[in-house]
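For reference, the structure discussed in these notes is given below.
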Amino acid sequence: MSVVKKKINGIKKIIAISSAKGGVGKSTICANLACATSKLNLKVGILDADIYGPSIPQLFSINEKPITDGMILDPIEKYNLQLMSIGFLVDQNVPMIWRGPMVSSAIKTFTNKVRWKDIDVLFIDMPPGTGDALLTFSQEIQIDGAIIITTPQKLSVNDANRGIEMFKKLNVPIFGIIENMSFIKDKDNSVSYPFGKDGALSLINKHNLELLANLEINDELSKSSDIGIPLLESDLNSEISKNFLKIAEKIKSKLYN
Ligand code: ADP
6 MSVVKKKING
16 IKKIIAISSA
26 KGGVGKSTIC
36 ANLACATSKL
46 NLKVGILDAD
56 IYGPSIPQLF
66 SINEKPITDG
76 MILDPIEKYN
86 LQLMSIGFLV
96 DQNVPMIWRG
106 PMVSSAIKTF
116 TNKVRWKDID
126 VLFIDMPPGT
136 GDALLTFSQE
146 IQIDGAIIIT
156 TPQKLSVNDA
166 NRGIEMFKKL
176 NVPIFGIIEN
186 MSFIKDKDNS
196 VSYPFGKDGA
206 LSLINKHNLE
216 LLANLEINDE
226 LSKSSDIGIP
236 LLESDLNSEI
246 SKNFLKIAEK
256 IKSKLYN
């Protein structure tokens, strides 16, 4: 049975950033990749759909609430991006015990009741895992490409495999895999692999996917999360920023070629 998937008003293309496991750098990558893509003359937005643990407010240092007329929410604009997150709407200190149906209704709010303005590419920071929220999105919304984030560790790779299988079943095109925390460079430029080596390679071979990048463990990147300024906005010339720009170019060519 083929289901007609919805488009979201004001949005031309949608990319889902997904990881089957938490803590692998999905939100950090989503934030920096969105910033990188906006530097390629595209109008970019982020929908933080990580309903259980929204990170976009912290990553962009946003404490204000979106403006609303009671019906429609305006996204918050920062660094030329339009941003929406469940974290803008609820007190960050209140634990969020969302149940399945509530997750679906939150997703509907974000897709139907946000005044997205003329966005070329919306990045969705998906909740980790293959649960309700990911399913609802993938079944109802027209996703143009999914990007899977994993570390080289077996634990993460095994879960990523499940995520890939799910996107495949739902006919969501997978643009590729980003292996995060692949290696660390010491001061003397020697390289070590604290989480193992080539973890994503097995997924690439098994599913015939593209490896979009291997990103290093980088303390500038982790500091930027704590400060709340994406590295792409504070140091465009850093090695890691250049890597994000390269990934953004690849995504752009997959979307428009
Ligand atoms: P997830 O969204 O998968 O839960 P986060 O983006 O919140 O993961 O990242 C988890 C932690 O790891 C954060 O503290 C973040 O700053 C850090 N981190 C992510 N990627 C890197 C990296 N390449 N180098 C250093 N720290 C990283």
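Start counting the sequence shown at 6; every next residue gets the next number (the numbering used here).
Quick reminder that beta carbons are idealized off the backbone N, C-alpha and C, glycines included.
Kindly indicate which three-state DSSP category residue i falls into: helix, strand or coil?
i, result
"Q144", "helix"
"T295", "Residue 295 cannot be examined here, being either before or after the span of the chain that is shown, 6 to 262."
"G204", "helix"
"K10", "coil"
"R104", "In this predicted model, R104 has a pLDDT of only 48, less than 50, meaning its place in the structure is not dependable enough to derive any value."
"K240", "The residue you asked about is not Lys; residue 240 is Asp in the sequence shown. D240 falls in the coil class under three-state DSSP."
"S90", "strand"
"I20", "strand"
"I56", "coil"
"A111", "helix"
"I153", "strand"
"I51", "strand"
"K83", "strand"
"F172", "helix"
"L45", "coil"
"I234", "coil"
"I252", "helix"
"P62", "helix"
"N210", "helix"
Residue j and residue i - do their beta-carbons sit closer together than 9 Å?
i, j, result
"E254", "L220", "no"
"I61", "S23", "no"
"R167", "T116", "no"
"L217", "I182", "yes"
"D164", "K26", "yes"
"D125", "K48", "yes"
"A3", "V177", "In this structure the chain extends from 6 to 262, so residue 3 is not present and cannot be described."
"L94", "I51", "no"
"I146", "K259", "no"
"W121", "G28", "no"
What residues match up with residue i in a beta bridge as DSSP calls it?
i, result
"N119", "Note on residue identity: the sequence assigns Val, not Asn, to residue 119. Looking at the DSSP assignment, V119 forms a beta bridge with L78."
"S166", "It should be noted that the sequence gives Asn, not Ser, for residue 166. The partner list for N166 (beta bridge, DSSP) is empty, contrary to what the question assumes."
"K190", "V196"
"N219", "E184"
"F128", "I20, I51"
"I179", "A151"
Quick check: does the Cβ of residue i come within less than 8 Å of any heavy atom belonging to ligand 1?
i, result
"D79", "no"
"E221", "yes"
"I252", "no"
"T135", "no"
"K31", "yes"
"K26", "yes"
"G168", "no"
"M186", "yes"
"L226", "yes"
"S230", "yes"
"D55", "yes"
"I20", "no"
"S66", "no"
"G181", "no"
"I234", "no"
Quick one: is residue i near chain C, going by C-beta distance under 9 Å?
i, result
"N248", "No chain C is present in this structure, which holds just one protein chain."
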